[in-house]
Amino acid sequence: MAEFGFTEAQEMFRQEMRRFAKNEIAPGARERHRTLTEIPVEIRRKLGDLGLLGINQPVEYGGQPGNYVSIGIAVEEIAQADFLVGGYITLPTAALMAIGQAPKEVQGEWIPGLISGEKIVVPANTENHCGSDAGAIKSTAVKDGDSYVLNGEKMAICQALNLHAAVVFAKTDPNAGFRGVTAFLLPMDLPGITRFPINYIGWKPQGLGGFAMENVRIPEKYRLSEEGKGFYLAMSQFDFLRVGIGLTALGMAQASLKEAMGYAKQRTAFGRPIASFQGISFKLVEDATLVEAGRLLCYRALSMKNQGLMHTKESAMAKWFCPKIATEVIHNCVLALGHFGYTTDYPLAERLRDVVGLEIGDGTPEIMKTILVREMIGKEFV
Amino acid sequence: MAEFGFTEAQEMFRTMARYFARRELMPGAKERMGLNRYPEDLVKKLAGSGFLGLRIPEKYGGQMSDIVTCGIACEETARASFLSLSNNQATSYTLSLTFYVI
C-alpha cells in the first residue's frame, strides 16, 4: 500500500465499479432523469447486490467489511454514469451511522432492507425556515409515556417522495438551541405524516420534497441519540455526506472532461482539430488539474474517517471546493462543444444545470467556510 | 499506515525538519539575503542533520528515503523561509535540485 494512493485491491475495485457503471447504470440514465421521480428499486438492488450499501456494516445484516475510501471510489465512478445513483450510495451509509445507535431490535428491523436496497432511509434535517442554521429547527418531539409525539415540517429531503423511513432531527428541548436536538428514526407509514414534492429544476429521480409531521407518535425505541445529543450525530453524518457530494461533483466533471476532450480531438476549425488550439486545450488540462486536487481532498478526508480521526475541516474543504470547480469545469466543457454543448443531444448542459444543486445541499459554500474559519482561525472569529 | 496520508516515520521526520528549520535556518535568514552563496556552516548543518543524503544510497553515507520524505524536507525548510522572508526558499530549492540530480 502506498501513501497518497489506492491499494491494489482498491484499484481493482475501481475497475469493477467502472464496468458496472458503464454496463448497468449508464444505459437509460438520461431517460430516467426525464421521467422518473425515484431511483428504481432494480437499480438499488444492484447496488445492494454489489455490497455498496452495506460497506462497513455488520455481516449478520448483510453488510461487508470495507472502508470509506472504497465507498468514495464507488460514488466517483458511478456518478460518471448517473450522478444521483452515485450520490445515492452515501444516503443509506449516512443513515446507518445513526441506525447503528438504535436497539438491536430496531437495527434488525431496518438494516437488512437498507443494505439490500429494498428500503430507503435518509437523514432529514432541513426545515422551511432553516438549513444552514441547523440548530434552529422548529420540529418538536415531546415524551409521552413510552413514546414521543413529533410535530413539524422537513423540506429539501432527498428521496422524500419514496422514503420508507427518515432519520429525523427534532427538539426535545425547544429552548436549548442545538443542545436541544434529538435524533429519531421515523417510519413514514405512521399516521400524521404528509409528504409533498419540491420542484427542483433537475434531479427528478431524487424525489426531492418534504413532509409534515402532525402528532406523529413513535415508540421510544426509535430514538437514535440521547436527548439533546442529536446535533452531534447530524454533524458526523454531514462530515461524511459532504465528501460524497464532492466526489459526486467530481465524477460529473470527469465524465464531462472525457466528452469534451474526445470532441476537441475530432472537431476541426481553421483546418485543424480544436484540441490543437491552446484556448481549448489549456482550459481542459487546467480543469483536469483542479479535479485531481479535489480528489485528493476527498480521499484524504475519507482516509481520515477510516482511521477514526476528526475530519470536519477536510470535509468542509472538499464540500466547498469540489462542487464549485465541477461547475466551472462542466461550464468550460459546454463551451468547448459550442452550440452542441448547449443542446439536449449531449448530456453536458443538463449536467451543468444539475451540478449547481450540489453546491447547496448539505451545507452551502459559505457555511463550509464558516466551519473552516472556526477550525483554522478560531471560534471567536466566526 | 493509511492511504492518503503520511506514514508515522514521515510525520516524525516532519517534526524533526520543522524543528531544525526553526532553530537553524530562521535565525539570520534575513541577513543571508545579501550573500550570493550558501554559508558553509549552514550547508554543514544541513548535511549533519541528514538533509543532503535523503536520496543517496546508504553505502555512500546517505539514507535513501522516499520521495514524499524529500517533499516534506522541501516544504518544511521553505516554511522557515516564508516566515522570515529569507533566502531559505533557496535552501529548499537547492535540496530539491539535489534530490533530482541524485
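Chains as they are written, first to last, in the working numbering: chain A, 631 to 1012; chain B, 12 to 113.
Built from N, CA and C at the ideal position, the CB exists for glycine as well.
These numbers were taken from a predicted model, which means no experiment stands behind them.
Environment of residue i [buried if 16+ CB atoms lie within 10 Å]
i	result
Leu65 of chain B	buried
Asp992 of chain A	buried
Ile910 of chain A	buried
Ile78 of chain B	exposed
Leu854 of chain A	buried
His969 of chain A	exposed
Gly59 of chain B	exposed
Lys888 of chain A	exposed
Val689 of chain A	exposed
Arg48 of chain B	exposed
Ile787 of chain A	buried
Met44 of chain B	exposed
Glu14 of chain B	buried
Pro899 of chain A	For the record, residue 899 of chain A in the displayed sequence is Ala; it is not Pro. The residue in question, Ala899 of chain A, is exposed, as its Cβ has fewer than 16 Cβ neighbours within 10 Å.
Ser95 of chain B	Any reading at Ser95 of chain B must be qualified, since the residue scores a pLDDT of 35, below 50, and its modelled position is unreliable; no value is offered.
Nonlocal neighbours in the same chain, by C-beta distance under 7 Å from residue i, ignoring five residues either side
i	result
Lys954 of chain A	Glu989, Pro995
Asn792 of chain A	Glu668, Ile750, Gly837
Phe643 of chain A	Ser700, Ile703
Gly874 of chain A	Val705, Gly717, Thr720
Ala659 of chain A	Ala711, Asp712
Ala890 of chain A	Leu914, Cys963, Ala966, Leu967
Ile831 of chain A	Arg983
Residue i, DSSP secondary structure in three states
i	result
Glu14 of chain B	coil
Glu889 of chain A	helix
Leu682 of chain A	coil
Glu22 of chain B	helix
Val797 of chain A	strand
Pro722 of chain A	helix
Arg902 of chain A	strand
Asp52 of chain B	helix
Val1012 of chain A	coil
Gln710 of chain A	coil
Gln74 of chain B	coil
Arg29 of chain B	helix
Gln694 of chain A	strand
Per DSSP, the bridge partner or partners of residue i
i	result
Met843 of chain A	A:Gly782, A:Ile823
Glu757 of chain A	A:Cys760
Pro733 of chain A	In the DSSP output, where bridge partners are listed per residue, Pro733 of chain A has none listed.
Asp869 of chain A	Answer is none; Asp869 of chain A lacks a bridge partner.
Pro817 of chain A	A:Ala795
Arg853 of chain A	A:Phe814
Thr770 of chain A	A:Asn781, A:Lys801
Ile787 of chain A	A:Gly839
Ile848 of chain A	A:Tyr778
Val752 of chain A	A:Ala796
Near the ligand SAM: residue i beta-carbon under 7 Å from a heavy atom
i	result
Gly1008 of chain A	The ligand SAM is not part of this structure, which contains no ligands at all.
8 Å Cβ shell around residue i - same chain, five flanking residues per side excluded
i	result
Gln884 of chain A	Glu706, Gln710, Val921
Tyr976 of chain A	Glu889, Leu967, Phe970
Neighbourhood of residue i by C-beta, 6 Å cutoff - its chain only, sequence neighbours within 5 removed
i	result
Arg648 of chain A	Glu707
Gly681 of chain A	Gln694
Met947 of chain A	Leu927
- Check distances from the C-beta atoms of the segment 921 to 948 of chain A to those of chain B and list, in chain order, the residues that come in under 8 Å. Leu926, Tyr929, Arg930, Leu932, Ser933, Met934, Asn936, Gln937
- What residues from the segment 15 to 31 of chain B come within 8 Å of chain A, judged by C-beta to C-beta, listed N to C? If the cut-off is 8 Å between Cβ atoms, the segment 15 to 31 of chain B has Phe15, Gly16, Phe17, Thr18, Gln21 near chain A.
- Query: Listed from N- to C-terminal order along the chain, which residues in the segment 631 to 651 of chain A have their beta-carbon within a distance smaller than 8 Å of any beta-carbon of chain B?
  - Reply: Cβ contacts with chain B come from Met631, Ala632, Glu633, Phe634, Gly635, Phe636, Thr637, Gln640.
- Task: Determine which residues of the segment 691 to 703 of chain A have a Cβ less than 8 Å from any Cβ of chain B, and write them out in chain order.
- Result: Val699
- Query: Mind listing which residues of the segment 58 to 90 of chain B have their C-beta closer than 7 Å to chain A's C-betas, in chain order?
  - Reply: Val79
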